[in-house]
Amino acid sequence: MANILETIKEKCIRGKRVEVIEEVKRALAEGVDAKTVMNEALIPAMAVVGEKYSSGEFFLPQMMLGARAMSEALQLLKPYLAQGTYERKGKAVVGTVAGDFHDIGKNIVKIMLEGGGYEVVDLGVDVSPEAFVNAVKKEAPRFILMSALITLTMDSMRKTIQALESAGVRKQVLVGIGGAPVTQKFADEIGADFYGSDAHGAVEKCNQMLH
Amino acid sequence: MTPRERVMTALRRGQPDQVPWIENEIEEPLQIQIMGGRTDYTPGELCRALGMDGFGYHFPTGRAGAASQALQTSASMKESFYFPKKITFDFVPPWIADMGVEPGGRTFVKKGLLVDRDSLKLFDAFLPDPDHPARYEQIAKWIEQYREDYAVYARIRLGTASLIESMGLDVFSLMLYDDPELVKEMHLRFSEWTIKVLGHLNQLDFDFYWANDDHADTKMPWVNMEMYEEFFFPYQKMVADAMRKPWAFHSDGNLFPILPGLVKLGMNAIHPIQPAAMDIGRMKAEYGSKVCLIGNIDLDYTLTLGTPEEVDKEVKERIAVAGKGGGYMISSANSLTDYCKIDNVWAMSKALKKYGKY
Chain R
220 MANILETIKE KCIRGKRVEV IEEVKRALAE GVDAKTVMNE ALIPAMAVVG EKYSSGEFFL
280 PQMMLGARAM SEALQLLKPY LAQGTYERKG KAVVGTVAGD FHDIGKNIVK IMLEGGGYEV
340 VDLGVDVSPE AFVNAVKKEA PRFILMSALI TLTMDSMRKT IQALESAGVR KQVLVGIGGA
400 PVTQKFADEI GADFYGSDAH GAVEKCNQML H
Chain G
5 MTPRERVMTA LRRGQPDQVP WIENEIEEPL QIQIMGGRTD YTPGELCRAL GMDGFGYHFP
65 TGRAGAASQA LQTSASMKES FYFPKKITFD FVPPWIADMG VEPGGRTFVK KGLLVDRDSL
125 KLFDAFLPDP DHPARYEQIA KWIEQYREDY AVYARIRLGT ASLIESMGLD VFSLMLYDDP
185 ELVKEMHLRF SEWTIKVLGH LNQLDFDFYW ANDDHADTKM PWVNMEMYEE FFFPYQKMVA
245 DAMRKPWAFH SDGNLFPILP GLVKLGMNAI HPIQPAAMDI GRMKAEYGSK VCLIGNIDLD
305 YTLTLGTPEE VDKEVKERIA VAGKGGGYMI SSANSLTDYC KIDNVWAMSK ALKKYGKY
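Here it is, written out as structure tokens:
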């Protein structure tokens, strides 16, 4: 079993989606359960992809390729996972804050979170503080992750945290922020729980927060 | 020296009488603030107000200010490209994309439309005829009317930013593997459009070109060197070879991983050397003998959230680090956006007068 899981992991890291699907099917046929494939091959593969991206060995296209292989394998596994006891690590609500329409960074974080075993609710761009508050009430996520690309819109992060506090739901979630002009200093200033310097960093911070 | 001589000297990595100031864009609402609410000023009046040495981009021309023209697009924009209503010096193709407009008027890409081979037909639908004479004739008149002693530049694209924005970064990334020849074909089409435009621009009285082609974020470029050399460089080089004037290259973000390949294009200058992504001291040491450096006054914090004192300090530091021996032009690390603090823009102007003399 170890061999086939290692093969799936390696092929996923290299983004060989057709081969990953074939190997996953073979693993299932050989009696390996879907949860094991997720936890011992696909999630570790995306951790490696994230580390390689973070260290500068992988560039965006290589990361996207690995993420696509992971995502397609996940689609194949979903019916099996639903039958078993597999649980995602947690739910994260992501969005680009009010007044900001840039979604590249937010989308990369979303891909890496899904690859890391999280369930992600994507609120899109120009997300108002009220929409984040409503998402907390409706989705009961563990994390709220906010993105901003331009300095002009960073203050929407502060306003969103204030809105979460006013609505009495701030303590129900962990708030992470990121984006080109965002810094740890700013995260501290506005009372965010953490700052992610890149997509992999955001996932790592979420993982740390869970422990 | 005249402002124009100052810019051209720095572009050739020489040392002018003082560090020149040039911006890739000043968003119109900020221009109007600088000009005390007027909208009918000339480019030269704006330059004189700030102590700036050249211009390109666009001006309100007595109308309401728009945040940006460079990103505007629609299948029906050809007429407005041929017959511009406002003074402009831009020759960038539209994004082939579904665009949105923010409440303040700034446009953004909702979704790139170049997603498969079938979408190649959209090039004809979106790109204006590069040989239509009207825009060139009008802009030739504006250059003659407004150039005075200033350096005047045209903003163009090598084609890479057009490719990435029109595909979407996610589609682009995967298409490199799924259909690499399609990516090349799309880049070629954008580059060929600019080459045709350059055939006309080379005859006009522009002093230099400014090629705006983002392909990096603050972490790293969106492609590695191998991908850069295969997918971007050959088409960028075709455009570079068609330029008959000096030129500056613009990309936000961290370019260091692909810079050894990028500089082979032979540009005269690199902009904006974003402080969050690139160290200008390293740039000066490693590339200062090859290219003029433009930029590095921080837009993420200093100009937008900082104080006039912080702007003063930053201008002083940048001139000390990058200005040595010439080959440096001061500039914001992207553009002067309408959310820059006006006091900080004035502080930049004053600081340059204080520290900019050689």
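Just so you know, the sequences run in chain order R and G. In terms of this note's numbering, the first sequence opens at residue 220 and continues consecutively. In terms of this note's numbering, the second sequence opens at residue 5 and continues consecutively. Where is the CB? At the ideal position from N, CA and C, for every residue including glycine. The structure presented is a predicted model; accordingly, all values stated were derived computationally and were not measured.
task: Give the interface partners of N216(G) over in chain R, defined as CB-CB distance under 8 angstroms, in chain order.
output: In chain R, no part has a C-beta under 8 angstroms from the C-beta of N216(G); the shortest such distance is about 17 angstroms.
query: Name the chain G residues whose beta carbon is nearer than 8 angstroms to that of T370(R)?
result: Per Cβ cutoff of 8 angstroms: L303, D304, Y305, T308, L309 and Y343.
field: Start-end ranges of the beta strand (DSSP E) lying completely within the stretch 375-403 of chain R, minimum 3 residues
entry: Listed in chain order, they are 393-397.
task: Determine whether the Cβ of G275(R) lies closer than 7 angstroms to any Cβ atom of chain G.
output: Look at G275(R): its C-beta is under 7 angstroms from a C-beta on chain G.
query: By the criterion of Cβ-Cβ separation under 8 angstroms, what are the contact partners of A101(G) in chain R?
result: Identification of chain R residues near A101(G) by a Cβ-Cβ cut-off of 8 angstroms yields none; the smallest Cβ-Cβ distance measures about 13 angstroms.
- prompt: So what does DSSP say about P225(G), is it helix, strand or coil?
  reply: Taken through DSSP and simplified to helix, strand or coil, P225(G) comes out as strand.
- prompt: Residues in the stretch 397-413 of chain R with C-beta within 7 angstroms of chain G's C-beta atoms, listed in sequence order?
  reply: Taking 7 angstroms as the Cβ-Cβ cut-off against chain G, the residues of the stretch 397-413 of chain R that qualify are A399 and P400.
- prompt: Smallest Cα separation from L368(R): which of P348(R), Q391(R), V344(R) and R245(R)?
  reply: It is V344(R) whose Cα lies nearest to the Cα of L368(R).
field: Same chain only: Cβ atoms within 7 angstroms of Q142(G), ignoring 5 sequence neighbours per side
entry: The residues are P88.
task: Give every residue of the same chain whose Cβ lies closer than 7 angstroms to the Cβ of K200(G), excluding the five residues on either side of it in the sequence, and list them in chain order.
output: If the five residues before and after K200(G) are omitted, its C-beta is found closer than 7 angstroms to the C-beta atoms of P134 and D135, all from its own chain and listed in chain order.
message: Taking 8 angstroms as the limit between beta carbons, can you name the residues of its chain near C344(G), skipping five residues before and five after?
response: Once the five neighbours on either side are set aside, the close Cβ partners of C344(G) are L34, L303, L307, T308 and S336.
query: Between the Cα of G335(R) and the Cα atoms of Y299(R), S290(R), K230(R) and V352(R), which residue gives the shortest distance?
result: Ranked by Cα distance from G335(R), the first of Y299(R), S290(R), K230(R) and V352(R) is S290(R).
message: Taking the straight line between their C-alpha atoms, what separation do you get for G420(R) and A288(R)?
response: Between the C-alpha atoms of G420(R) and A288(R) there is a straight-line separation of about 21 angstroms.
message: I need the DSSP call for Q73(G), collapsed to helix, strand or coil.
response: Bear in mind that the predicted position of Q73(G) carries a pLDDT of just 49, short of 50, making it too unreliable to give a figure here.
message: Please tell me whether S177(G) has its Cβ less than 7 angstroms away from any Cβ of chain R.
response: Proximity of S177(G) to chain R, defined by a Cβ-Cβ separation below 7 angstroms, is satisfied.
field: Contact check, M283(R) vs V268(R), beta carbons under 7 angstroms
entry: No, the Cβ-Cβ distance between M283(R) and V268(R) is not below 7 angstroms.
task: Would you mind listing the beta strand (DSSP E) stretches within the stretch 49-119 of chain G that are 3+ residues and don't spill past its ends, in chain order?
output: Every unbroken stretch of the beta strand (DSSP E) spanning 3 or more residues and falling wholly within the stretch 49-119 of chain G is given here in chain order: 101-105 and 111-116.
- prompt: Are K288(G) and A326(G) close, meaning C-beta to C-beta below 7 angstroms?
  reply: In this structure, A326(G) lies closer than 7 angstroms to K288(G) by Cβ.
task: Could you spell out where the alpha helix (DSSP H) holding E9(G) opens and where it closes?
output: Taken as a continuous stretch (DSSP letters only), the alpha helix (DSSP H) holding E9(G) covers P7 to L15.
task: Would you verify that the beta carbon of M224(G) is, or is not, closer than 7 angstroms to some beta carbon of chain R?
output: So yes, M224(G) belongs to the interface.
- request: Pull out every residue of the stretch 264-292 of chain R whose Cβ sits closer than 7 angstroms to any Cβ of chain G, in chain order.
  value: Cβ contacts with chain G: G275, F278, L279, P280, M283, L284 and R287.
- request: Determine whether the Cβ of D219(R) lies closer than 7 angstroms to any Cβ atom of chain G.
  value: With chain R running from 220 to 430 in the structure shown, residue 219(R) is simply not present.
query: Given 8 angstroms as the limit, is there contact between the stretch 257-277 of chain G and the stretch 222-229 of chain G, that is, 3 or more CB pairs closer than that?
result: Yes, the stretch 257-277 of chain G is in contact with the stretch 222-229 of chain G.
message: Measuring only the C-alpha atoms, how far is P263(R) from A273(G)?
response: Straight-line spacing of the CA atoms in P263(R) and A273(G) works out to 43 angstroms.
message: Using only CA atoms, which one of M190(G), E233(G) and A252(G) lies nearest to A14(G)?
response: The shortest C-alpha separation from A14(G) is found at A252(G).
Bridge partner(s) assigned by DSSP for C296(G): Bridge partners of C296(G) according to DSSP: A273(G).
field: Beta-carbon neighbours of D252(R), restricted to chain A and to distances below 9 angstroms
entry: The question asks about chain A, but that chain is absent: this structure's protein chains are R and G.
query: Taking just the CA atoms, how far does S177(G) sit from L118(G)?
result: If I take the Cα positions, the gap works out to 13 angstroms.
task: Establish whether the CB of Q417(R) and some CB of chain G are separated by less than 7 angstroms.
output: Reading the sequence as shown, one finds Asp at residue 417(R) and not Gln. Interface annotation, D417(R): in contact with chain G, CB-CB separation under 7 angstroms.
message: Assuming L364(R) is part of the beta strand (DSSP E), what are its boundary residues?
response: Element bounds for L364(R): F362 to S366.
Through-space distance from K378(R) to I20(G), alpha-carbon basis: Before going further, note that residue 20(G) is Pro rather than Ile in the sequence given. In this model, P20(G) and K378(R) are separated by some 47 angstroms (Cα to Cα).
field: Bridge partner(s) assigned by DSSP for Y157(G)
entry: Bridge partners of Y157(G): F212(G).
field: 7 angstroms Cβ cutoff met for I91(G) and W25(G)
entry: With contacts defined as CB atoms closer than 7 angstroms, I91(G) and W25(G) fail to qualify as a contacting pair.
query: To which residues of the same chain is A418(R) closer than 6 angstroms at the C-beta, ignoring the five residues directly before and after it?
result: Annotation for A418(R): I327, V328 and M331 place their beta carbon closer than 6 angstroms to its own, counting only its chain and skipping 5 residues before and after.
- request: Give the straight-line distance between the Cα atoms of V346(R) and A317(R), rounded to the nearest whole angstrom.
  value: If I take the Cα positions, the gap works out to 5 angstroms.
- prompt: Does the Cβ-Cβ distance between Q22(G) and K361(G) come in under 7 angstroms?
  reply: Cβ atoms of Q22(G) and K361(G): closer than 7 angstroms.
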